[in-house]
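Reading through the C-alpha cells given below for one structure.
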Amino acid sequence: MQNKPQVIEKSLLKSALKYRGSMSISEYQNYAAGILFLKKMNHAFESEREKLISEYLSQGISETKAKELAENENEYSKSFFLPKRARWASILNFQSQIGRQLNQATKSVEKMNPFLDGLLVGIDFSKLSDKKLKKLIEHISHCSPIAPLKKSLDYIDYYEKVKKSSANSVHKNGLISSVMSYVYQNRHSRILQFLIQNVKEYTYKNGIKPSTIFKLSLAQRNKPTYEKYEQILTQRRYQQQIQWQEIDVVYLWVDPNDLNWQTLKNNFTKDKIWPTDSVSTSRFADHDELRYSLRSLEQYAPWVRHIYIVTMLGQCPAWLKRSHPKITLVDHTEIIPPDYLPTFNSNTIQCHVHRIANLSDNFILMDDDVFFGNEVLFDDFIEAENGKMKVFLDDRIVFQGHTHPDDDTFKMMLKYTNERLDDKFGNTIRPNTNHYMKIFNKNVLEVAEKIFREEWRKIASHRFRLGTDISFPHIASYISLYLNQALVESNVDGIYVGYKDNIKYLERCLTQVKQRQPKFFCLNEESVDSNDNITRAVSNFLETYFPSKSSFEY
1 MQNKPQVIEK SLLKSALKYR GSMSISEYQN YAAGILFLKK MNHAFESERE
51 KLISEYLSQG ISETKAKELA ENENEYSKSF FLPKRARWAS ILNFQSQIGR
101 QLNQATKSVE KMNPFLDGLL VGIDFSKLSD KKLKKLIEHI SHCSPIAPLK
151 KSLDYIDYYE KVKKSSANSV HKNGLISSVM SYVYQNRHSR ILQFLIQNVK
201 EYTYKNGIKP STIFKLSLAQ RNKPTYEKYE QILTQRRYQQ QIQWQEIDVV
251 YLWVDPNDLN WQTLKNNFTK DKIWPTDSVS TSRFADHDEL RYSLRSLEQY
301 APWVRHIYIV TMLGQCPAWL KRSHPKITLV DHTEIIPPDY LPTFNSNTIQ
351 CHVHRIANLS DNFILMDDDV FFGNEVLFDD FIEAENGKMK VFLDDRIVFQ
401 GHTHPDDDTF KMMLKYTNER LDDKFGNTIR PNTNHYMKIF NKNVLEVAEK
451 IFREEWRKIA SHRFRLGTDI SFPHIASYIS LYLNQALVES NVDGIYVGYK
501 DNIKYLERCL TQVKQRQPKF FCLNEESVDS NDNITRAVSN FLETYFPSKS
551 SFEY
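For the sequence shown, the UniProt record's numbering assigns the number 554 to the last residue and increments by one with no breaks.
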C-alpha cells in the first residue's frame, strides 16, 4: 500500500530530527523539500519521456534513435525538460561533493526551464555533509510519490494569499520562490504538496497558465489604467477597420563586415565596459539569414503589403534588389534623433520604428533570424472580428523578481521591464513574449512612448544594450494588452531553436523543424563566439528549406 502524503511528511521530519545535527528543523526541511521536489520532477519527466519514446517507436523508429530524439528539450514544450545530471538515477549515484552536485543539478534545471527560474533560490545543499545528504537521498528514494491533489485546490487563491501576506517578498523574489517561503513560514502542508506536485502541472493540466493568471489580473481591474488612452485607441482602431489587413513588415539589419561600421563600434567600446553579450561578435553576426527570411515571407506570407529594412551608414545586402517596389531601406538617421546616433542597441532602434514614413498602422517587427515555415494569414496576427492584435506569450518563460549576478543582459532587461510595468499597472505575473515575429500598432506605440517617456529617453542614450534597459517587445506587447488593443495568444505554432556549439543538438532541432514545418521558427545564435561548423549547418538547412530565390534577390 502506498504511503499517504501525511505519512511521508512525518517520515521526512523524522529523518530531519535524526540527521540534522545542530541545524534547525525548519531549515533542514528546506533541503528535504528540495530533494523531494527533484524526485517529483524526475517522476513526471520520466513519464513524459516514456510516452515520447513510445510515440517514436509506433512510427517505426528504432529504439536507440527514439531514445536519442527523446533527449531533445523542445519536445517537452508543454511540460519541462530535466537534464541528465538532475535525474534521480544520477542523484542516487552521487558519492562525493554531493551538495555541490545537487546545486549544479538544480541550477541546470532552472537553466533548461526558465519558467522555473528562482524556484530553489536560497537552498545551498553544500552546507550539508555528504553523509547527511546521502542518508536523506536514500530515505526519500524509498518514499512513494505524493498522490495528486484534487482539482479543487486553486493556485490563484494561494497566489492571492502570498501577495497579501508578503507583497515585498513577491516583488523581490518572484512568485514561486515567495510561495516556497510562505509554505515554510506557515507550515502549510497542502500548499507544499501542491507546489511539489503541480509546479508545472498547474499550467497545462489544470488550465492555469501564467498567461491565464495575467489575463485574470487584467480582467479583475476595477478601473483600467490610462482609460482615456484606451478609449482614443479603440475609436481609432474601428475608424481604421478597412486598413486592418494592410500590414507591413519591418526588419532590423546590419552589415558587421562593413569597415566603417566596425570603426564606429570600436570607438564606442574602447572607453567603456559594456556587457559581453551586448558587444560580442555573435550579437551582430550576419549569416545571410535575411535572404532566407525574405524567401520565407514571399513564399508563405505574400499578402504583406511592404517591407522596410532598417539599417545604418547606407548599408545594403549585396544580393538585395534595393529598387524592388516592395522594398524600402530606412536609415537610422530617418527615425532616430541625432543625439542618440550612432546606436548599436536594438532596443533603441525598435523604440523608433513606428516613426518610419508611410508605415502601415499595424506592422510586423521581425529579426532576421525568424522565419515563416508554413502558410500564414493576416488573422494569425490580427483578430478578424475586432482588429485586435495577437500577442504571442510563452508560458514556459517568466523572468520576474530581483536580478541575480548570473543573469544575462536579456534576463535583466525583462526583470527591469516587469518592474516598470508593475509601477504603472500593478503587480502580476507576465510570461515573456515568444521569440518570433511580433505585431504592433503605431498609435499604441506613440502612447507607450508617452507613458514611459523617461525610459524611452534613457534607453536611447545607451549605445549598447544594458540590463537597465526596458525590453521593447515586452513592454510594447503588454501596453497593447493593458490598453485593450490586443489579445493573448499562448498556443502558437512555432519552434524556437537557441543554439551554441553543440552540433548534434542543433541537428536534432533542425530535423524537428523540417518534420513539423511550423508556421514560425527562430534560429537564434546564443553563443558569444561564432563556430564555423554550426554556421555551416544553419546555412545548409536554410538553403534546403528555402531553395528558391525570392523576387527580392539578384
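Cβ coordinates follow ideal geometry from the N, Cα and C atoms, glycine included.
Fully contained in the segment 287-325 are the following beta strand (DSSP E) runs of length 3 or more, in chain order: 307-311. Distance from W319 to E553 at the Cβ level is roughly 5 Å; contact confirmed, criterion being Cβ atoms closer than 8 Å. Straight-line measurement puts the Cα of D339 at about 26 Å from the Cα of M366. Secondary structure at N540: helix, using DSSP grouped into helix, strand and coil.
Residue F45 holds the alpha-carbon nearest to the alpha-carbon of A70 among I91, F94, F45, A89.
In this structure, H462 and N345 form a Cβ contact; the two beta carbons are roughly 5 Å apart against a cut-off of 8 Å.
Residue environment for T348: buried (at least 16 other C-beta atoms within 10 angstroms of its C-beta). Counting C-beta pairs with one atom in each stretch, the segment 397-410 and the segment 316-336 have fewer than three that are closer than 8 Å, which means they do not touch.
Inside the segment 316-373, DSSP marks whole beta strand (DSSP E) runs of 3 or more residues at positions 327-331, 362-366, 370-372, from first to last along the chain. In the structure shown, L393 adopts extended strand secondary structure according to DSSP, grouped into three states. Residue ranges of uninterrupted alpha helix (DSSP H) with 4 or more members, entirely inside the segment 226-271 and ordered along the chain, are 227-239, 259-269. Taking C-beta separations shorter than 7 Å and ignoring five residues to either side along the sequence, the partners of R516 in its chain run I495, following chain order.
Runs of the beta strand (DSSP E) spanning 3 or more residues and lying entirely within the segment 463-493 occur at 486-489, in chain order.
Of all alpha-carbon atoms in L38, L377, F363, the one lying nearest the alpha-carbon of I123 is that of L38. Using a Cβ distance threshold of 9 Å, L264 and P325 do not count as a contacting pair. In terms of CA proximity to N443, L233 leads the group L233, C522, I247.
Going by DSSP, I91 is part of the alpha helix (DSSP H) stretching over 88-92.
In the DSSP assignment, I439 falls outside any alpha helix (DSSP H) and lies within the beta strand (DSSP E) extending over 438-441.
One Cα belongs to E75, the other to A357, and the distance between them is close to 42 Å. Excluding five sequence positions before and after Q262, the CB atoms of its chain that fall closer than 8 Å to its own CB belong to P256, given in chain order.
Taking H352 as the centre and dropping the five residues before and after it, the same chain places the C-beta of I335, I336 closer than 6 Å to its C-beta, in chain order.
Beyond the five residues adjoining it in sequence on each side, F378 comes within less than 7 Å, by CB distance, of Q245, I247, W303 in the same chain, given in chain order. A direct Cα-to-Cα measurement between M312 and R420 gives close to 30 Å. Residue pairing by DSSP places L36 in no beta bridge whatsoever.
Contact check for Y238 against V447 fails: the beta carbons are separated by 9 Å or more. Taking the CA atoms as reference points, H142 sits about 48 Å from M437.
When Cβ pairs closer than 8 Å are counted between the two stretches, the segment 87-106 is seen to touch the segment 132-142, the count reaching three or more.
Residues V254, P256 of the same chain have their beta carbon placed closer than 7 Å to that of F284, with the five preceding and five following residues left out of the count.
A Cβ-Cβ distance of about 21 Å is found for the pair N524 and D380, leaving them out of contact under the 8 Å criterion. When DSSP states are grouped into helix, strand and coil, V497 belongs to the strand group. Minimum Cα-Cα distance from F371 among the listed residues Q104, F546, A66 corresponds to F546. Assigned with DSSP and collapsed to three states, I429 falls in coil, not helix or strand. With distances taken between CA atoms, Y251 lies nearest to V310 out of R291, S296, S280, V310. When the five nearest sequence neighbours on each side are left out, the beta carbons in the same chain lying within less than 7 Å of the beta carbon of T468 are those of Y416, in order along the chain. Around the beta carbon of D271, fewer than 16 other beta carbons lie within 10 angstroms, which makes this residue exposed.
Rounded to the nearest whole angstrom, the C-alpha separation of A460 and F472 is 11 Å.
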